[in-house]
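Going down the list, the sequences are from chains A and B.
Mapping to my numbering: the first sequence position 5 is 5, numbers consecutive.
Take any residue in the second sequence, count from 1 to its spot, add 1000: that is its number in my numbering.
Here a beta-carbon is modelled for each residue, glycine too, at the ideal position from N, C-alpha and C.
Keep in mind it's a predicted model, so treat the numbers as computed, not measured.
What follows is a set of notes on a single structure, which appears directly below.
There are 2 protein chains.
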Amino acid sequence: MFDHDPENATERPPMPTASAARIAADLRAAIEQGVYADQDRLPPERQLADHFGASRGTVREALRRLEDTNMVVRKVGSGTFVRYRAGELEGDIAKATSPIELIDVRFGIEPQMVRLATVNANGHDIENLDHALQRVCAARDPETFTDADEAFHLALADCTRNPLMKCLYSQLNEVRGHSQWSKMKDKILDAARISEYNRQHRKLFDAIAARDSNAAVEHIVRHLKTAKDHLLGATEELL
Amino acid sequence: MFDHDPENATERPPMPTASAARIAADLRAAIEQGVYADQDRLPPERQLADHFGASRGTVREALRRLEDTNMVVRKVGSGTFVRYRAGELEGDIAKATSPIELIDVRFGIEPQMVRLATVNANGHDIENLDHALQRVCAARDPETFTDADEAFHLALADCTRNPLMKCLYSQLNEVRGHSQWSKMKDKILDAARISEYNRQHRKLFDAIAARDSNAAVEHIVRHLKTAKDHLLGATEELL
DNA sequence: GGGATTTGGTCTAGATTTGGTCCGATCGAC
DNA sequence: GTCGATCGGACCAAATCTAGACCAAATCCC
């Protein structure tokens, strides 16, 4: 577990020696690797001090850093307990995200994205968005529509001219493609709904092209509400 | 890496082995190749001097050059620490994102995050958030505050119980840590502003704990507006 | 219940480590 | 010789680490 070796200090010259920092790093690694699970109690400070060959004060300094990052909770008379929910960010984020959770996140990002797009898009961006709109409007089957819809929303992200927004949204879009949503889309997407979505897409585009920020936000919110309603409807059908 | 050979020094009269330039180059290469990671502490100057077979003054000259190129930071009584963002994925996005763009994205995500947190957090989550709040409220200097603030917002993301939200926000938070914001924080964060932020943090927590979604959203929006105002103010000062 | 033990919280005094600074000496190159 | 780089010290101030003590809360054990 703690393969700390005091002799390392005299080993190769380029060995980063540091007491509190190194102890904190070792403990952090142990926790992240699951040596200590969530809610587990760490060894007492005095025992850790002995193990690391450091004084108790140094160990306490290391533990204080772990506590500052909410990784650990210390209780007088009881001990130091791990507070780390391992495995929640592990693996494929797409598999860990449900369609309804995806919509919840989209409700946060997309209105602001549309607002920024309305303000920041230049003529070239609008052209690209228009092009994407033509494609999605031409789609008739669920498969084509899903792809084109994804491209449309990515073009929308481009319109914000905000690198961080583009980065985050492209990740969200990937989850969207891989998520369980895609298994439901055949249930959700019929011709009527596709054309409904496309009417909303067009209104959204018109608002952005007209630089009408409020209208654009209103349309994207309505779009998301529609999608959520369809999703919940489909969920009920699955029950 | 450090293939210095003392015997060569006595063999050849011209000894390019021990010059400040060469030592600086070696250390730079070691850092770039990951021998020393970001935030790691380099060996002490005296130890480096011994290792390179050079005097401490020469090593200091080499370190001075690394410091001039912002590769390391030196702290009296503590050591020399690596500051080098090994071009990670978010490293690029962090460099491409301005503080104001970061705020723009936060304006989208955080209100929704708070809304979801208010609805989805369980007692354990609230406890964690409370713990993080105590930490951030206890912070007095910009350095501690920044770390604790980051932990608080991550705990907030945990409260949503939404894996996608947590994933996206943790990325946003990394950009926040690496972004040019960190260079401005000393200009922005004085004691008065820190306590102002903390008042907002507390109100936000109280609203979430009381499951008052609207109040929580209102507080986070006010918080972001305050941050944006301070940012724009600091920007003006820089002009 | 009650005392003993364990555990984290706090404090202190002193030793150690570490970068910052200064000085004079040495050596090679121009 | 002069100049620049290096060397080998010495000393300083800041940060850190150590070692020990005592406390209060929690827990254990009889």
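Per DSSP, T1118 of chain B is one residue of the alpha helix (DSSP H) stretching across P1099 to N1120. At a cut-off of 7 Å, the C-beta of T146 of chain A has no neighbouring C-beta in chain B. Residues of chain B with a Cβ closer than 8 Å to the Cβ of Q112 of chain A are, in chain order, D1104, V1105, F1107, G1108 and I1109. For the stretch 59-82 of chain A, the set of positions with a beta-carbon nearer than 8 Å to some beta-carbon of chain B reads E67, D68, T69, N70 and V73 in chain order.
Taking a contact to require three or more Cβ pairs closer than 8 Å, the stretch 114-130 of chain A and the stretch 158-167 of chain A qualify as touching.
Between S19 of chain A and A49 of chain A, the C-beta spacing is not below 7 Å. Ranked by how close their Cα comes to the Cα of R74 of chain A, the residues A:V221, A:R106, A:I126 and A:Q39 have A:Q39 in first place.
Taking C-beta atoms under 8 Å as the contact rule, G34 of chain A and I1109 of chain B fail to qualify, at a distance of about 30 Å. Under the three-state reduction of DSSP, T146 of chain A is assigned to helix.
Contact annotation: V1105 of chain B and M165 of chain A have beta-carbon atoms nearer than 7 Å.
G77 of chain A: not part of any beta strand (DSSP E); DSSP gives it neither H nor E. Closest by C-alpha distance to S98 of chain A, out of A:A29, A:R176 and A:R65, is A:R176. Excluding sequence positions up to five before and after L1156 of chain B, its CB lies within less than 6 Å of the CB of A1117, all in the same chain and listed in chain order.
For Q171 of chain A, the C-beta contacts it makes with chain B under 9 Å involve L1164, C1167, L1168 and Q1171, in order along the chain.
Here DSSP, grouped into helix, strand and coil, assigns R1211 of chain B to coil.
Residue environment: L1027 of chain B is assigned as buried (16 or more neighbouring CB atoms within 10 Å of its CB, all protein chains considered). Counting only Cβ-Cβ distances below 8 Å, V175 of chain A has contacts in chain B at L1164, in chain order. The beta carbon of D1125 of chain B sits closer than 7 Å to those of D1158 and C1159, all from its chain and outside the five residues before and after it, given in chain order.
For the C-beta of A54 of chain A, not a single chain B residue is nearer than 8 Å; the gap to the nearest is close to 15 Å. Taking a Cβ-Cβ cut-off of 7 Å, the neighbours of L116 of chain A in chain B comprise D1104, given in sequence order. A straight line joining the alpha-carbon of S170 of chain A with that of L231 of chain A spans about 22 Å. Counting along the chain, the unbroken alpha helix (DSSP H) around L1172 of chain B starts and ends at P1163 to H1178. The residue from B:R1085, B:H1051 and B:M1071 with its alpha-carbon nearest to that of E1174 of chain B is B:R1085. The C-beta distance from A148 of chain A to V136 of chain A rounds to 4 Å, short enough to meet the 8 Å contact threshold. In the displayed model, V1082 of chain B falls within a strand according to three-state DSSP.
Here the C-alpha atom of H178 of chain A lies approximately 16 Å from the C-alpha atom of H153 of chain A.
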